[in-house]
């Protein structure tokens with residue numbers, strides 16, 4: 001591997017890890033942070049909801065900017081924005097103003113939206129065929145580990161800093177951001193195809209509004225009581241807004257020369273299948289949030305330690321994701337995706353059996369092993385590799401951003 005490629009891979013991996021881990025690092029501290037601001041839990045949930053909404057809505061826009069303005073440039077802009085948001089999120093620990101905290105979290109989310117899809121695209125550009133899958137597998141492994149261990153790392157930081165110094169959950173990102181920015185000075189910009197530099201402003205607004213409406217509605221639906229919750233004022237007006245705005249977006253983008261949301265992603269059977277697969281993978285990951293609760297309530301492990309059980313899943317996922325990339329290079333993405341789904345289904349069925357009949361730690365460990373392999377083989381290289389093969393090179397980051405968006409929608413469901 002060339003030294004330049006090694007530096008670029010290191011640069012992007014740090015960005016992916018930071019962006020992914022911050023989506024969950026706040027979860028164990030939500031009540032603590034809310035209490036420090038003197039707010040109730042209904043208002044406190046916005047520290048997670050707002051981050052998720054802005055992160056999801058900004059990804060396609062930042063992805064398009066990466067395709068048009070340069071991957072390293074937009075990635076570093078994302079890092080700078082994320083670092084600034086992290087610093088001010090931490091500082092609100094001393095200010096005591098919840099609304100400033102939400103503003104800082106919004107800035108953080110905007111920066112994160114420009115990190116993960118851009119980094120993944122850039123990695124795919126710098127590695128040749130035969131090594132591309134392996135590189136994407138490493139990226140997928142880092143993303144999977146960071147997403148899963150985010151809450152665990154949050155608990156660990158709080159145990160060291162103390163619950164009254166929760167600002168360190170965010171301050172920890174600042175030196176890493178500075179390191180990444182300094183590292184970027186030693187690497188060159190990745191060459192991009194010449195294309196229109198004009199930004200699709202109206203399309204960006206329509207896309208952000210429609211996705212934000214959908215994500216907010218989904219976060220407020222009680223899927224155990226859909227008929228009642230769908231009539232809630234926090235659900236149906238936003239679903240209506242989505243069903244009005246999204247068709248308008250499609251009509252507008254269909255006539256736009258360089259759309260921020262390419263309608264071919266939905267009309268092309270290959271890309272549509274890949275997007276729907278990402279949605280299903282995201283939905284499958286959502287079920288993992290119940291594992292810590294099961295471990296504490298049923299297996300009777302010490303209260304507060306259930307989150308560490310998910311770390312086992314992260315380890316298996318982190319090991320299998322790079323392996324999936326190697327297999328993609330040797331056997332193809334479709335083969336690896338099939339293996340991943342087999343392990344996911346087997347793991348889910350086995351965990352269902354464990355929670356009903358087996359009720360022991362060994363059974364849980366076996367189920368987590370199978371799920372970890374499955375997640376690594378589906379979340380890692382295959383989907384990213386398949387979408388990159390299905391779109392024009394000049395739309396790579398945009399396609400990956402929309403793929404990440406579909407996965408995020410699945411997790412929200």
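Residue numbers (the UniProt record's numbering): 1 to 413. Even for Gly, the Cβ is constructed at its ideal location relative to N, Cα and C. Note that this is a predicted model, so its numbers are computed, not measured.
A straight-line Cα-Cα distance of about 35 Å links residue 132 and residue 251. DSSP, reduced to helix, strand and coil, places residue 42 within a helical segment of the structure shown. Under the 10 Å beta carbon count, residue 24 is surrounded by 16 or more other beta carbons and is classified as buried. Residue 349 holds the alpha-carbon nearest to the alpha-carbon of residue 369 among 199, 176, 238 and 349. In the three-state scheme derived from DSSP, where H, G and I count as helix and E and B as strand, residue 219 is classed as helix.
When the Cα atoms are used, residue 379 and residue 179 turn out to be separated by approximately 27 Å. Shown here for residue 10: same chain residues with a beta carbon closer than 8 Å to its own, the five before and five after excluded, namely 183 in chain order. Exposure of residue 231 is indicated by the presence of fewer than 16 other C-beta atoms within 10 angstroms of its C-beta. Judged by beta-carbon spacing, residue 400 lies within the 8 Å limit of residue 384, meaning their Cβ atoms are closer than that value. For the options 395, 7, 396 and 372, the alpha carbon positioned closest to that of residue 185 is the one of 7. The beta carbon of residue 373 sits closer than 7 Å to those of 316, 320 and 343, all from its chain and outside the five residues before and after it, given in chain order. Under the three-state reduction of DSSP, residue 279 is assigned to helix.
One Cα belongs to residue 403, the other to residue 48, and the distance between them is close to 21 Å.
The beta-carbon distance between residue 249 and residue 261, rounded to whole angstroms, is 6 Å. This is short enough to meet the 8 Å contact definition. An exposed status is given to residue 393, since fewer than 16 other beta-carbon atoms sit within 10 Å of its beta-carbon. Residue 253 sits in a helix when the DSSP states are folded into three classes. By the Cβ neighbour-count rule, residue 253 is buried, with 16 or more other Cβ atoms within 10 Å of its own. Counting only the Cα atoms, residue 76 lies some 30 Å from residue 333. If you look at residue 115, you'll find it isn't in any alpha helix (DSSP H); DSSP assigns it neither H nor E.
Taking a cut-off of 8 Å for Cβ pairs, the segment 162-178 and the segment 138-145 do not touch, as fewer than three such pairs fall below it.
For residue 282, the closest of 410, 269 and 367 by C-alpha to C-alpha distance is 410. Counting other Cβ atoms within 10 Å of its Cβ, residue 398 reaches 16 or more and is therefore classed as buried. With a cutoff of 8 Å on beta-carbon distance, residue 274 and residue 387 are scored as near each other. Residue environment: residue 269 is assigned as exposed (fewer than 16 neighbouring CB atoms within 10 Å of its CB, all protein chains considered).
Residues 24, 25, 26, 27, 28, 29 and 169 of the same chain have their beta carbon placed closer than 8 Å to that of residue 154, with the five preceding and five following residues left out of the count. In the DSSP assignment, residue 152 falls within the unbroken alpha helix (DSSP H) covering 132-161. Counting every other CB atom within 10 Å of its CB across the protein chains shown gives residue 128 a total below 16, marking it as exposed.
Distance from the CA of residue 130 to the CA of residue 175, rounded to the nearest whole angstrom, comes to 35 Å. Burial of residue 12 is indicated by the presence of at least 16 other C-beta atoms within 10 angstroms of its C-beta. Per DSSP, the unbroken alpha helix (DSSP H) holding residue 30 starts and ends at 30-37. Where residue 356 is concerned, there is no enclosing alpha helix (DSSP H), because DSSP gives it neither an H nor an E.
Distance between residue 371 and residue 312, taken at the CA atoms: about 10 Å.
Scanning the segment 320-388 for uninterrupted alpha helix (DSSP H) segments of 4 residues or longer gives 333-353 and 361-379, listed from N- to C-terminal end.
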